[in-house]
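Below is one structure, written out as structure tokens; the observations come after it.
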Amino acid sequence: MPELRTAHTADLDDGTRAAVRALLDGSFGAVSEDTYQNVLGGVHALLVEDGALIGHASVVQRRMLHGGQALRTGYIEGVAVRADRRRRGHGATLMSALERLVRAGYQLGALGASDDGARLYVSRGWQQWRGPIAALTPDGIRG
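In our numbering, the protein residues as written are -3 to 139.
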């Protein structure tokens, strides 16, 4: 039975950070350094089985602008389960841990999802945003 633990990025040792990066690379192909950096700086949910990381997700704070307000947003990043452990409820376990943090600590929860991953989130009550979206980058606002 996998063990779930949560930890802030500051409390992850080098081996755990390397395992997170390897899991993300294995799940999504070689992720860019920018993509990897996005999962850091918040709270991580980690699923460990027989000493190996089999699942990861994190929640990091972002600001989202809506209706003239800057909302403190718990943004879910880096949700991944090792390929040989998928379809066993591990994604739901990871999300349960982080959804509790989002509900209690943020004004809004948000995430980006692949078509395949979106099924998990919709089944958990997440709603698809149908409005415009943009990001503030060093080069300005990008839609």
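Yeah, the Cβ is synthetic: ideal placement off N, Cα and C, and Gly gets one too. All figures in this text were calculated on a predicted structure; none of them were measured in a lab.
Using the C-alpha atoms, what's the distance from residue j back to residue i?
i    : j    : result
T31  : G74  : 9 angstroms
R59  : D135 : 18 angstroms
A15  : S119 : 28 angstroms
N34  : R17  : 11 angstroms
G127 : H62  : 10 angstroms
D46  : Q123 : 35 angstroms
V44  : A114 : 24 angstroms
Kindly give me the distance between the Cβ atoms of residue i and residue j, rounded to whole angstroms, as I take these residues to be in contact under 8 angstroms.
i    : j     : result
A193 : A53   : Since the displayed the chain opens at -3 and closes at 139, residue 193 lies outside it and no answer follows.
G38  : Q57   : 6 angstroms
L19  : A76   : 5 angstroms
I50  : P(-2) : 6 angstroms
G22  : R78   : 7 angstroms
A88  : L0    : Actually they are not in contact, since the Cβ atoms of A88 and L0 sit about 11 angstroms apart, beyond 8 angstroms.
R68  : Y117  : Going by Cβ atoms, the distance from R68 to Y117 rounds to 20 angstroms, so no, they are not a contact pair.
Since residue i is in the alpha helix (DSSP H), which residue starts that stretch and which ends it?
i    : result
A88  : H86 to G101
G12  : Inspection of the sequence shows that residue 12 is occupied by Thr rather than by Gly. Element bounds for T12: D10 to F24.
L116 : D111 to S119
List the residues that DSSP assigns as beta-bridge partners of residue i.
i     : result
G139  : DSSP, once it has assigned bridges, lists no residue as partnering G139.
Y71   : V56 and A106
G51   : L43 and V77
T5    : According to DSSP, which records beta bridges pairwise, T5 is partnered with nothing at all.
Q65   : H62
T133  : G136
L36   : The partner list for L36 (beta bridge, DSSP) is empty, contrary to what the question assumes.
E(-1) : V44
Under the criterion of a Cβ to heavy atom distance below 7 angstroms, does residue i qualify as lining the ligand GTP?
i   : result
A26 : This structure does not include the ligand GTP; it has no bound ligands of any sort.
Excluding the 5 residues preceding and the 5 following residue i in the sequence, name in chain order all residues of the same chain whose CB lies nearer than 7 angstroms to its CB.
i   : result
V98 : V55, G70 and G105
D7  : none
Might you give, ordered along the chain, the residues of its own chain that have their beta carbon closer than 8 angstroms to the beta carbon of residue i, omitting 5 neighbours on each side?
i    : result
A130 : I137, R138 and G139
G121 : none
By Cβ distance below 6 angstroms, which residues in the same chain neighbour residue i in space, the five residues on each side in sequence not counted?
i   : result
G11 : none
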